[in-house]
Structures are given as C-alpha cells and as structure tokens.
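The structure appears below as structure tokens.
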Amino acid sequence: MEKADSCRRAAVEAVADVEPPRLYEYLDSILDRASMVPAVLTLESAAAMRAEGRVLEDADADEPCRDVESESDRNRTRASGPDRDPARITTHAAGVQLIYEGLRLTRSLAHDEPWTATDADASDADLAILAADILVAR
1 MEKADSCRRA AVEAVADVEP PRLYEYLDSI LDRASMVPAV LTLESAAAMR
51 AEGRVLEDAD ADEPCRDVES ESDRNRTRAS GPDRDPARIT THAAGVQLIY
101 EGLRLTRSLA HDEPWTATDA DASDADLAIL AADILVAR
C-alpha cells in the first residue's frame, strides 16, 4: 500500500502545475480513482532487476536510453547512480502510471464518443481530451 501511495503522490505532483484549476481538479480526480497497479509493477520490476544486478545506466545521465544494448552493456552494473535512487524510480513509476491513465482515458473517449451528445457532455469531453493529452505528455 505504501508503494501505491508514493506513486500516487508522485503522479499528482507531476500535474500540480496544470491550470486552470478545473482541469487540475479533473486530473486529480482521475488519479485519485486510479488503480496504481501499473506504477507498483514498475517499482517491483525495478527491484527485481536491481536484485539480479541488471541495473544499467549510460555514462551520461542526460543521454536517452538505447533500445538495443551491446554485450558489454548487458554485463555492466554500478553500485550507485540515478537508476538506484528510490525517489527517481518512483518518479519513473509515476510516469508509467500517468501514461497508462492517459491512454485509458483516450480509449474510453474513442469508444464512447461523448462529443456526439449534448453540449454539456461535449464540454466534459473537451476537458477529458485535454486531460488525456496532459497525462500522456507528463
């Protein structure tokens, strides 16, 4: 439960600067209702990789991760670094959660097509589209 709470806090923190307040409240309500399973599974996966000594990092932390790793990269580990910082891993897990929620919201919008309903529902649909975009982008 503690892992889910820390991921939820990190996810809410990631969207804390969203304006106007109505949009922020909408995002907050989505994250409040969300199951944090994707984020917690990300934390568990990171812990399992760390336990196996398979945490990789580039020499330059700002360099993006590569999809294909060389043989020497597969065998490279470090005792400390950004991939071993629990706060950073929680931030990454929150990012996974935000993407998951944004895509879930996008799927529901594509399936329900709320903009074909009344004007009041269309306004909520516009807010949902913005929220989905923000969640995936953060």
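To convert, note that position 89 of the sequence shown is 89 in the UniProt record's numbering; the numbers rise steadily by one, no gaps.
Backbone N, C-alpha and C fix where the C-beta goes; we use that ideal spot for every residue, glycine too.
These numbers come from a predicted model, not from an experiment.
Residue i (DSSP reduced to helix, strand or coil)
i: residue 16; result: coil
i: residue 79; result: Any answer about residue 79 is weak, because its pLDDT of 43 lies below 50 and its placement is not dependable; what the coordinates show is given next. Looking at residue 79 - three-state DSSP - the assignment turns out to be coil, as it is neither helix nor strand.
i: residue 32; result: helix
i: residue 124; result: helix
i: residue 1; result: coil
i: residue 44; result: helix
i: residue 85; result: coil
i: residue 188; result: Only positions 1 to 138 of the chain appear in the structure, and residue 188 is not among them; the question remains open.
i: residue 54; result: coil
i: residue 25; result: helix
Nearest-angstrom beta carbon gap, residue j and residue i [assumed within contact, 8 Å]
i: residue 39; j: residue 7; result: 4 Å
i: residue 138; j: residue 15; result: 6 Å
i: residue 43; j: residue 93; result: 5 Å
i: residue 136; j: residue 103; result: 6 Å
Among the options, nearest to residue i - alpha-carbon criterion
i: residue 131; options: 30, 42, 17 and 3; result: 30
Cβ contact (3+ pairs, closer than 8 Å) linking the region 19-35 and the region 93-112: yes
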